[in-house]
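Order-wise, the sequence lines are chains R and Y. Residue 0 is where the first sequence starts when you use numbering that gives the first Met the number 0, and the numbers rise one by one after that. Residue 0 is where the second sequence starts when you use numbering that gives the first Met the number 0, and the numbers rise one by one after that.
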Amino acid sequence: MSFLRLILTNLRRHRVRAFFGVAGIAFGVAAMLTVLAVVLGAIGMFRNILETDSQYMVFERNVSDLFFSSVPESNWQAVAQMPEVASAQPVLFGIVNAPGHPVITCFGVEADNARIGAATWIVGERADFGREADMVYLGVRAAEFMEVAMGDRVEIGKGMFRVGGILQTQNGFEDGGVFFPLGLAQQYFHREGLASIISVNLKDVSEGDAFRVRVEEAFPDLVVLANEEFASNYSQFKILTATAWAVGLCAFLLGGMSVANTMTMSVFTRIREIAILRVCGFSRQQAATLILGEGFIIAVLGVCLGLLSGFGLLLVLQHLPQLQGYIQASVSPYMIVGIFATALFTSLAGSIYPAWFASRIQPAEALRYE
Amino acid sequence: MSEYSITVQDVSKSFDDGRIPVLRNVDVKIRHGERVALWGASGSGKTTLLNLMGGLDLPDSGHLDTYGLDPSLDAHRLQLRREVVGFVFQLHNLIPYLTVKENILIPAIALGVPHAEAESRLKETLEILKMSHRIDHRMQDLSGGERQRTAIGRALINRPKVLLADEPTGALDEATGDVVFELLRGLAENIGVTVVIATHERRFAEACDRIFRVHSGHVEEVVR
Chain R
0 MSFLRLILTN LRRHRVRAFF GVAGIAFGVA AMLTVLAVVL GAIGMFRNIL
50 ETDSQYMVFE RNVSDLFFSS VPESNWQAVA QMPEVASAQP VLFGIVNAPG
100 HPVITCFGVE ADNARIGAAT WIVGERADFG READMVYLGV RAAEFMEVAM
150 GDRVEIGKGM FRVGGILQTQ NGFEDGGVFF PLGLAQQYFH REGLASIISV
200 NLKDVSEGDA FRVRVEEAFP DLVVLANEEF ASNYSQFKIL TATAWAVGLC
250 AFLLGGMSVA NTMTMSVFTR IREIAILRVC GFSRQQAATL ILGEGFIIAV
300 LGVCLGLLSG FGLLLVLQHL PQLQGYIQAS VSPYMIVGIF ATALFTSLAG
350 SIYPAWFASR IQPAEALRYE
Chain Y
0 MSEYSITVQD VSKSFDDGRI PVLRNVDVKI RHGERVALWG ASGSGKTTLL
50 NLMGGLDLPD SGHLDTYGLD PSLDAHRLQL RREVVGFVFQ LHNLIPYLTV
100 KENILIPAIA LGVPHAEAES RLKETLEILK MSHRIDHRMQ DLSGGERQRT
150 AIGRALINRP KVLLADEPTG ALDEATGDVV FELLRGLAEN IGVTVVIATH
200 ERRFAEACDR IFRVHSGHVE EVVR
């Protein structure tokens, strides 16, 4: 029998105790994975909407949320006329609800917008976009959960519209949202003559800095960001990411405390046993390593169980009809490494005190009084 | 090499910050391969003396030497427990959820004995103890005598030079106690290990080569 085998035997023969430690870590891992994957997935989806076929984004300076950004039509017309600009497409964002569906994202776009051009039209044709005054175009998931088909009347917020087409973009927000012709969206959201952002493509991307200077000089109320700059600077993304990590870390703290509790109780109830090991020649380091080893195995098992549970939960969330397809989990290798490292750190940190305590046990004293 | 395997010189030991004196200026010398009894009533200090010899406790004063190692030194104590001394306790002190095999192999794990060597020693030890048929049984499945034989096996697995047995028959019925005692006595004869037995039973003490009577913290050899 090896040292490792002794560790495994200890855990196997104390299954309930080990299970609680594993479950604590698994809970932390699953919570962190789910929260991070959902939040980062949502950020990814939103970024994807903004980045579709554009290099730069122009929006109102100092707004906390793009939904509150207002770019006047005169400005985007002027931007579109700038010599380095190949295309400038306005988009107006809005959020409404529909009966039984608390959140529906609305996109007001012009007929030549690249994102509806790149979409797969399940029903209807892009050429008809905006042809009828009261028509809106639903994402495929929105059509499913609203249970409407082409030509049906649909209630969105306080308005009644007809379904002019159903399209699919593979983006959760868009497929669960509604596309309005820009004019109709401006009218509906009472934002006549305004867009939330302008998606800009340049003729020569190396002209980006000159473009930025020109726009910001001409329109001090606007800000120009390259797509990658936007992803790293947009405060909503930062807040969401920080919140996700904070929630995840809290879950881990609970998991770590569960391991600390499990291992401390384990050592306190095994004082005699550890004393026997010391009598049999275990050094202080070996006694401590035994406890840390048990903590490590609990962490590894907890991570595996937590990842399995987390992925299972994400799978369920992605297919839950109530979530309208808004969940598109995004899991990166860095996230897995981060979660693994955090789990390992918390459970080892939770095992340090019990391990130290175990290493300090005086065999004769423990056998005398236990 | 010294004529003696264990030397205890002018050793005193007390507990509770000196309020409970247990051993007073004790002198004991034990030769290689001897079977020695520390004989005395409960609470006389036998266990404390054994613990001092094996490095489980530290003396307040005096000098100890067990096979050239000083049990009061940190650096020597671990080596003493791993390679020189094997302990057998009255209450077995086995780990209940481990099997006979796993319990016996614990000291080999501590010492880092290679797997094949440990298995070979285990087989040999189980044969000496006549416990081969119980190898995968856990403690709750064993009789008192079998548990004590397992504890002896654990004490022998690292081939110690000294076996320190603290009331090894104390928790056994008379017949089983006799069997365990004969086993311990036989070890000294057959494998040359020095055996020190703490006992309150005169008949076991008299079966040893020498007897040290422990009484009120004093130790004196019984001349026969």
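C-beta atoms are modelled at their ideal positions from N, C-alpha and C, and glycine is treated no differently.
Which residues in chain R sit within 8 Å of Pro106 (chain Y), going by Cβ to Cβ distance? For Pro106 (chain Y), the neighbours in chain R by C-beta distance under 8 Å run, in chain order, Cys279, Gly280.
Contact the region 114-132 of chain R vs the region 233-243 of chain R: 3+ CB pairs below 8 Å: Contact fails: fewer than three Cβ-Cβ distances are below 8 Å.
Counting only the same chain and skipping the five closest in sequence on each side, list residues whose C-beta sits under 6 Å from that of Asn47 (chain R). Counting only residues of its own chain and dropping the five nearest sequence neighbours on each side, Asn47 (chain R) has a CB closer than 6 Å to the CB of Asn170.
If you scan the region 127-211 of chain R from start to end, which runs of the beta strand (DSSP E) of 3 or more residues do you find wholly inside it? Taking only runs of at least 3 residues, the beta strand (DSSP E) segments lying wholly in the region 127-211 of chain R are 134-138, 152-155, 158-167, 177-180, 196-201.
Where DSSP assigns a beta bridge to Asp165 (chain Y), which residues make up the other side? Y:Ala197.
Buried versus exposed, by CB contacts within 10 Å (16 or more), Tyr147 (chain Y): The question names Tyr, but residue 147 (chain Y) in the sequence shown is Gln. The residue is buried, with at least 16 neighbouring Cβ atoms inside 10 Å.
Closer than 7 Å, Cβ to Cβ, to anything on chain Y: give me those residues from the region 263-297 of chain R, in chain order. Those would be Glu272, Ile275, Leu276, Val278, Cys279, Gly280, Phe281, Ser282, Gln285, in chain order.
Evaluate the contact criterion for the region 211-223 of chain R versus the region 88-98 of chain R: three or more CB pairs, one atom per stretch, below 8 Å. Contact check between the region 211-223 of chain R and the region 88-98 of chain R: fewer than three CB pairs, one atom from each, fall below 8 Å, which does not count as touching.
Taking C-beta to C-beta, are Leu32 (chain R) and Ile297 (chain R) nearer than 8 Å? With respect to Ile297 (chain R), Leu32 (chain R) sits apart: the two C-beta atoms are not nearer than 8 Å.
Among the residues of its own chain, which have a CB less than 7 Å from the CB of Val204 (chain R), if the five just before and after it don't count? Closer than 7 Å at Cβ, skipping near neighbours: Gln54.
Report the option in Y:Val7, Y:Pro20, Y:Val161 whose CA atom is closest to the CA atom of Leu51 (chain Y). The shortest Cα separation from Leu51 (chain Y) among Y:Val7, Y:Pro20, Y:Val161 belongs to Y:Val7.
Validate contact between the region 101-115 of chain Y and the region 268-287 of chain R using beta carbons, cut 8 Å, 3 pairs: Judged by Cβ distances under 8 Å, the region 101-115 of chain Y makes contact with the region 268-287 of chain R, as three or more pairs qualify.
Would a check of beta-carbon distances place Phe19 (chain R) closer than 8 Å to chain Y? By this cut-off, Phe19 (chain R) is not an interface position.
Compute the minimum distance between the beta carbon of Gln54 (chain R) and the heavy atoms of the ligand FAD, and state whether it is under 7 Å. Ligands in the displayed structure: none, and consequently the ligand FAD is not present.
Residue of R:Cys105, R:Ala225, R:Phe2 minimising C-alpha distance to Gly176 (chain R): Here the closest residue by C-alpha is R:Cys105.
Shorter than 8 Å from the beta carbon of Phe180 (chain Y) to some beta carbon of chain R? No, Phe180 (chain Y) lies away from the interface with chain R (no Cβ there is under 8 Å from its Cβ).
Report the residue from Y:Pro58, Y:Glu145, Y:Asp64 whose alpha carbon sits nearest the alpha carbon of Leu171 (chain Y). Ranking the options by Cα distance to Leu171 (chain Y), first place goes to Y:Glu145.
Taking the alpha-carbon of Ser395 (chain R) as reference, which of R:Ile155, R:Val266, R:Gln76 has the nearest alpha-carbon? Because chain R spans 0 through 369 in this model, residue 395 (chain R) falls outside it and cannot be assessed.
Assign Thr268 (chain R) to one of three DSSP states: helix, strand, or coil. Note: Thr268 (chain R) maps to coil in three-state DSSP.
Which first and last residues belong to the alpha helix (DSSP H) in which Ile296 (chain R) is found? For Ile296 (chain R), the enclosing alpha helix (DSSP H) begins and ends at 283-317.
In chain order, what residues of the same chain have a beta carbon less than 6 Å from the beta carbon of Met264 (chain R), not counting five sequence neighbours either side? Take Met264 (chain R), set aside five residues on each side of it, and no residue of its chain has a beta-carbon closer than 6 Å to its own.
To the nearest angstrom, report how far apart Val21 (chain Y) and Asp56 (chain Y) are at their CA atoms. Each residue's Cα considered, the two are about 12 Å apart.
Backbone secondary structure at Phe88 (chain Y) - three-state DSSP: DSSP, read as helix, strand or coil, puts Phe88 (chain Y) in coil.
Can you name, in chain order, every residue of its own chain whose Cβ lies under 7 Å from the Cβ of Gly158 (chain R), other than the five neighbours on each side? Within its own chain, the residues whose Cβ lies closer than 7 Å to the Cβ of Gly158 (chain R), once the five positions on either side in sequence are excluded, are Tyr187, listed in chain order.
Are at least three pairs of beta-carbons, each pair with one atom in the region 70-78 of chain Y and one in the region 115-126 of chain Y, less than 8 Å apart? Too few Cβ pairs lie closer than 8 Å, so no.
Element boundaries [beta strand (DSSP E), containing Ser4 (chain Y)]: Secondary structure note for Ser4 (chain Y): its beta strand (DSSP E) is the uninterrupted segment 3-14.
Along chain Y, in chain order, which residues have C-beta atoms closer than 7 Å to that of Arg359 (chain R)? Think of a sphere of 7 Å around the beta carbon of Arg359 (chain R): no beta carbon from chain Y falls inside it, the nearest being about 14 Å out.
Mind pulling the chain Y residues with CB within less than 8 Å of Ala363 (chain R)? For a Cβ distance threshold of 8 Å, residue set Asn50, Leu55, Asp56 of chain Y lies close to Ala363 (chain R), ordered along the chain.
Under the three-state DSSP convention, the category Lys45 (chain Y) falls into: Helix, per DSSP.
For Ala25 (chain R), the nearest candidate out of R:Val336, R:Leu201, R:Ala250 (CA to CA): The residue from R:Val336, R:Leu201, R:Ala250 with its alpha-carbon nearest to that of Ala25 (chain R) is R:Ala250.
What residues from the region 131-156 of chain Y come within 8 Å of chain R, judged by C-beta to C-beta, listed N to C? Considering only beta carbons, the part of the region 131-156 of chain Y lying closer than 8 Å to chain R consists of Arg153, in chain order.
Roughly how many whole angstroms lie between the Cα atoms of Gly164 (chain R) and Gln185 (chain R)? Each residue's alpha carbon lies about 20 Å from the other.
What's the gap between the Cα of Ile42 (chain R) and the Cα of Leu252 (chain R)? Leu252 (chain R) has its alpha-carbon roughly 25 Å from the corresponding atom of Ile42 (chain R).
Beta carbon of Gly39 (chain Y) nearer than 8 Å to that of His199 (chain Y): Contact: yes.
According to DSSP, which residues form a beta bridge with Val221 (chain Y)? For Val221 (chain Y), the beta-bridge partners assigned by DSSP are Y:Ile210.
Look up Tyr55 (chain R) in the DSSP assignment and give the residues it is bridged to. According to the DSSP secondary-structure assignment, Tyr55 (chain R) is paired through a beta bridge with R:Val199, R:Ala225.
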